[in-house]
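S.K.:
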Amino acid sequence: MNVSIRWKDCDKSDAVAAHLQNKIDGFSTFKFVMPNAKAEIVYYPKQQSFTIRINVQVVKKGTLRAEAKANDILTAINECADKITEQLRKIKDRYDD
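Letter by letter, the sequence shown follows residues 293 to 389 of my numbering.
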């Protein structure tokens, strides 16, 4: 999948981008997911935490969005990806019978 990553108030990291790409590539197992995704990584220095937002387009359903906040960037990515995966499973269970 093509992922557009926006970094806000934090340094770009190839390892983090690769981890995020790997997580988002997992969404392509659902046949109704469009091949483009957007992600935003924001660091809040006062709270010393990261917020991850992921948008994934779904055929005939629009855009799925998820957000997760954690002190560790990888934990936030994992939580956000899990939220999107859960939404995709619900769509698949509901409409793929």
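Ideal Cβ positions, reconstructed from N, Cα and C, are used throughout, including at glycine.
#1: For Gln313, I'd like the list of residues in its chain whose CB is within less than 7 angstroms of its CB, leaving aside the five on either flank, ordered along the chain.
#2: Could you check if Val351 is buried or exposed, using at least 16 other CB atoms within 10 Å of its CB as the buried criterion?
#3: Which whole runs of the beta strand (DSSP E) in the stretch 333-373 are 3 residues long or more, in chain order?
#4: Which residue's Cα is closest to the Cα of Thr377: Lys315, Ile297 and His311?
#5: What is the DSSP secondary structure of Ser320, reduced to helix, strand or coil?
#6: Taking the beta strand (DSSP E) that Ser305 belongs to, which residues open and close that run?
#7: Using C-beta distances below 8 angstroms, list every residue in its chain close to Pro327, excluding the 5 sequence neighbours before and after it, in chain order.
#8: Just grab the DSSP bridge partners of Asn294 for me.
#9: In the DSSP output, what is Lys300 paired with across the bridge?
M.R.: Once the coordinates are examined:
#1: Answer for Gln313: Val295, listed in chain order.
#2: exposed
#3: 341-350 and 354-362
#4: Lys315
#5: helix
#6: Premise fails: Ser305 is in no beta strand (DSSP E) and is neither H nor E.
#7: Met293, Asn294 and Ser320
#8: Asn328
#9: Val334
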